[in-house]
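Asks: Submitted below is the structure of interest, expressed as structure tokens.
Number of protein chains: 2
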Amino acid sequence: MQELKEMIRRDGIILPGDILKVDRFLNHQIDIGLATRIGKEFHRLFEAEAPSKILTVETSGIAFAITTAQQFNNIPVIFAKKYRSMNMDPDQYTADAISYTRGGAVSLSCAKEYFSPEDRFLIIDDFLANGEAMCALIDICRQSGAKLVGCGAVIEKSYQAGRRRIEEQGIKLCSLACISAMDENGIQFQDD
Amino acid sequence: MQELKEMIRRDGIILPGDILKVDRFLNHQIDIGLATRIGKEFHRLFEAEAPSKILTVETSGIAFAITTAQQFNNIPVIFAKKYRSMNMDPDQYTADAISYTRGGAVSLSCAKEYFSPEDRFLIIDDFLANGEAMCALIDICRQSGAKLVGCGAVIEKSYQAGRRRIEEQGIKLCSLACISAMDENGIQFQDD
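First to last, the sequence lines map onto chains A and B.
Start counting the first sequence at 1; every next residue gets the next number (the working numbering).
Start counting the second sequence at 1; every next residue gets the next number (the working numbering).
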């Protein structure tokens, strides 16, 4: 997605520890026009898979899960919870993920009642790097017995293990901006 | 908003500690059609205030901030962060809030770069009860010198202190479903 790549080049900040900070339009301030067009692009890429629900994880995935769901005629969005809350359902699916930006393992959880074997889940997240969060969401889908029809990431760091981990499970994966290298000289995208 | 009140009556669960759980359409699974119509309703209520940016707080406010921003011709959404992250800006506005559903105080923070004196902020959140989170967002706006044009809550517990705390600051507040009482007999809305 050309517009997205241009925004990453213009407004992305590379931080120590191989972190790409895109707080200006994606992770803290959200560019809503861009977010809506991202939803349209995911719809184009996954239309044939006819998802019936979208699964994401709090926080930054929610915006793009919503704009994608709008394009699929308002299918429901479920976001996995990362943080304990007093009013969480006791009857949950859980899966662990290592978070590099937060440090340490986090346990993602979803109430079981939102999953049924008839569901066709599309997983949407903001970033795909080592694939920890996305593999945990895949694990939750598997536990539930629902069908997983694909995974979409807004930004992928293609030089990390995430894509391989997902594709070797036979899952369709589409990312809208694939970064092949990132260093003091700037950001290279895979298809440039 | 009649549709919202009907959904709260049908799918809301009252938990001990005066907690209203609306995970089926708002806090865990999101009904995207409803969320889009909530955005249209906030647009109608705040159109005259001509906001230029929307401020919310992770996690559950984000969905409704986005659908509202879409109606205002895609103005940017900024979400205050509750949780520490390695790549947060050092240059922040912060304000504390007590969270009843999570237990204890949380510190909300926003990078300063997204606030300017020319901005006209509309604050949107999912719940208004004691007003802790919303007052922290108001405080962040004040610190920044930006203009605050109003506050919108999807669900308000009108018998708690939040509305009074906001209105006594002279701020316009609109909630889409105002609960006047909630107990084992069910949920009463203010305008029923």
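No residue lacks a Cβ here, since even glycine has one placed at the ideal position from N, Cα and C.
#1: Tell me the DSSP secondary structure of G162(A) in three-state form.
#2: Which residue comes first and which comes last in the alpha helix (DSSP H) that contains R9(A)?
#3: Can you give the beta carbon distance from F42(B) to G152(B), rounded, assuming they're within the 8 Å contact cut?
#4: Counting only Cβ-Cβ distances shorter than 9 Å, please list the residues of the region 52 to 72 of chain A near chain B, keeping chain order.
#5: From the DSSP output, in three-state form, read off T56(B) for me.
#6: Quick one: which chain B residues come within Cβ less than 9 Å of N74(A)?
#7: Give me the DSSP bridge partner(s) of I30(B).
#8: Under three-state DSSP, which class holds K82(B)?
#9: Using 7 Å as the cut-off, classify the Cβ of C178(A) as near or not near the heavy atoms of the ligand SAH, replying yes or no.
#10: Which of the three DSSP states is assigned to A48(A) in this structure?
#11: Can you pull the chain B residues whose beta carbon is under 9 Å from the beta carbon of Y83(A), in chain order?
#12: Does DSSP put Q169(A) in a helix, a strand or coil?
#13: Counting contacts by CB-CB distance shorter than 8 Å, is Y114(A) in contact with chain B?
#14: What does DSSP give as the partner residue(s) for T36(A) in the beta ladder?
#15: Considering only the beta carbon of each residue, do I30(A) and L55(A) sit closer than 8 Å?
#16: Using CA coordinates, which residue listed in E168(B), I138(B), M134(B) is at the minimum distance from E156(B)?
#17: Mind checking the region 140 to 158 of chain B against chain A and listing, in chain order, the residues whose C-beta falls within less than 8 Å of any C-beta there?
#18: Could you work out which residue in A136(B), I75(B), A146(B) is closest to I32(A) when comparing CA atoms only?
Replies: So, from the data block:
#1: Assignment of G162(A) by DSSP, reduced to helix, strand and coil, places it in the helix class.
#2: Residues 2 to 11.
#3: That belief holds up - the Cβ atoms of F42(B) and G152(B) are roughly 5 Å apart, short of 8 Å.
#4: For chain B, the residues of the region 52 to 72 of chain A that bring a beta carbon within less than 9 Å of one of its beta carbons are K53, I54, E58, T59, S60, I62, A63, A65, I66, T67, A69, Q70, F72, in chain order.
#5: In this structure, T56(B) counts as strand in the three-state DSSP scheme.
#6: Those are D31, I32, G33, L34, A35, T36, listed as they occur along chain B.
#7: Note: I30(B) sits in a beta bridge opposite V77(A).
#8: For K82(B), the three-state secondary structure derived from DSSP is coil.
#9: What this structure holds is no ligand at all, so the ligand SAH is not there to describe.
#10: It is helical.
#11: In chain order: T59, K82, Y83, R102.
#12: Looking at Q169(A) - three-state DSSP - the assignment turns out to be coil, as it is neither helix nor strand.
#13: For Y114(A), the nearest CB of chain B lies under 8 Å from its own CB, placing it at the interface with that chain.
#14: Answer is none; T36(A) lacks a bridge partner.
#15: With contacts defined as CB atoms closer than 8 Å, I30(A) and L55(A) fail to qualify as a contacting pair.
#16: When only C-alpha atoms are compared, the closest one is M134(B).
#17: Listed in sequence order: no entries.
#18: Measuring C-alpha to C-alpha distances from I32(A) to each of A136(B), I75(B), A146(B) identifies I75(B) as the nearest.
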